[in-house]
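Below you'll find the structure, written out as structure tokens, and then a few comments.
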Amino acid sequence: MKRPQARSGNPKARPTGLPSAPARADSASKAAKPTKAAKVAKSTKTSRPTKAIERRETKRLNLVRKSSSKRGLSAKLSAEAKRFTAYSRRRRAITITVVSAFSSLLLIVLATVVTPVLAVEKITISGTDRIKQESVQKALKSQIGKPLPTVNSAEIASLLEKFPLIESFAIVSLPPHGLKIQITERQPIVIIESGGVKYLYDPAGVRVGKATSKDKYPEMAIAGLPENSKNFAAAIDVLMALPASLLERLASIDAKSKDDVTMRLRGYSGQRIIWGDGSNSVLKSKVLAALIKNQKKNDMVTFDVSSPNAPAVRYGNF
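Note that the sequence shown covers residues 396 to 713 in this note's numbering.
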């Protein structure tokens, strides 16, 4: 094999057509250094994935927020639904209870009114002294068989109108079949003679009955009917103010006018009382009781309490 012949001249000369070492290094460094376009391309390649990731993260966060808000709204709606359901149940229960109670009450009322469950079978009369109970029961005979809830006080009053001695009455139901009528009779307070007969009268001027020797009420003489007499009204005002113990000791009362009322006590001496008008009745009663207490029953005296703050006692025959 033949060796290539060396060229004349520079023995270190290199074959033509090959770059020198420094040139190669420069070219290599130039080749290794990225160009501006490459940098832009590289930055573009690296920035695109980052933005895509950011968009994905943003989208995911929005979805999470929306999901959270939806869950919160769903929880609120669920709580509201539960409260509404509980309220509806309570309202339904209350409605059912009220309807049931009203229906039961209606059935009870119908049962007591229509059916003879509480029909009156016995009527009891109490409080009568001058009136016969048999007469009152006979007058109330129409109430037998009526249901107790339908007994009317106005109807009872109309049936008892024919008994003038009845001042008032009260109805007491005694289930299941009893009815009680409590009667308050008129109480006499004075005796008035009419046509030679002495009668008892109550404070309203209603005749109660004939007087007997056992009746200890004061006698009074008036002209005309008591219920229309002003003198009778003046005398009753005084009698109503007296204590019961003193009322029994009065033998008579005389009212010439409302300002001139006099009375006499029972007994041989006939002690006299000058009352005056109807004012200060309570004070006059107390003063009169004290004056009478300090006197003997057979003393002939006159007690003047027409001025109760300055009472007077006069002795002697009058």
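Glycine included, every Cβ here is placed at the ideal spot set by N, Cα and C.
**Prompt:** By Cβ distance, which residues of its chain are closer than 8 angstroms to residue 675, with the 5 residues on each side in sequence left out?
**Reply:** Closer than 8 angstroms at the Cβ level, and outside the excluded window around residue 675, lie 703.
**Item:** Per DSSP, the bridge partner or partners of residue 514
**Value:** Beta-bridge pairing links residue 514 to 542.
**Item:** Burial state of residue 626 (16 or more Cβ within 10 Å)
**Value:** Per the 10 Å Cβ criterion, buried.
**Asked** Does the beta-carbon of residue 621 have 16 or more other beta-carbons within 10 angstroms, so that it is buried, or is it exposed?
**Response** Around the beta carbon of residue 621, a 10 Å sphere encloses 16 or more other beta carbons of the protein chains shown; the residue is thus reported as buried.
**Counted within 10 angstroms of its Cβ, other Cβ atoms place residue 710 as buried (16 or more) or exposed** = Exposed is the call here.
**Request:** Could you say which of 599, 593, 597, 618 lies nearest to residue 608 if we only look at CA atoms?
**Result:** Of the listed residues, the one whose Cα sits closest to residue 608 is 593.
**CA nearest to the CA of residue 512, picked from 670, 536, 458, 541** = Closest by alpha carbon: 541.
**Prompt:** Curious, which full-length beta strand (DSSP E) runs of at least 3 residues does the stretch 547-620 contain?
**Reply:** Taking only runs of at least 3 residues, the beta strand (DSSP E) segments lying wholly in the stretch 547-620 are 561-569, 573-580, 585-589, 592-596, 602-605.
**Item:** Among 527, 605, 601, 545, nearest to residue 631 - alpha-carbon criterion
**Value:** Closest in C-alpha terms to residue 631, from the list 527, 605, 601, 545, comes 601.
**Prompt:** Going by the beta-carbon positions, is the gap between residue 521 and residue 561 smaller than 8 angstroms?
**Reply:** In this structure, residue 561 does not lie closer than 8 angstroms to residue 521 by Cβ.
**Request:** Give the DSSP bridge partners of residue 707, in chain order.
**Result:** As DSSP reads the structure, residue 707 sits in a beta bridge with 699.
**Request:** Mind checking which residues open and close the alpha helix (DSSP H) that includes residue 625?
**Result:** First-last of the alpha helix (DSSP H) with residue 625: 625-636.
**Asked** Going along the chain, which residues of its own chain have a beta-carbon closer than 6 angstroms to the beta-carbon of residue 573, five neighbours each way excluded?
**Response** Short of 6 angstroms from the beta carbon of residue 573, and not among the five residues preceding or following it, lie these beta carbons of its own chain, in chain order: 517.
**Message:** What does DSSP give as the partner residue(s) for residue 645 in the beta ladder?
**Reply:** For residue 645, which the question treats as bridged, DSSP gives the partners 660.
**Asked** Would residue 671 pass as a contact of residue 654 if the rule is Cβ separation under 8 angstroms?
**Response** In this structure, residue 671 sits near residue 654, with a CB-CB distance shorter than 8 angstroms.
**Item:** C-beta contact flag for residue 568 and residue 535 at 8 angstroms
**Value:** Their beta carbons are not under 8 angstroms apart, which means residue 568 does not touch residue 535 by this criterion.
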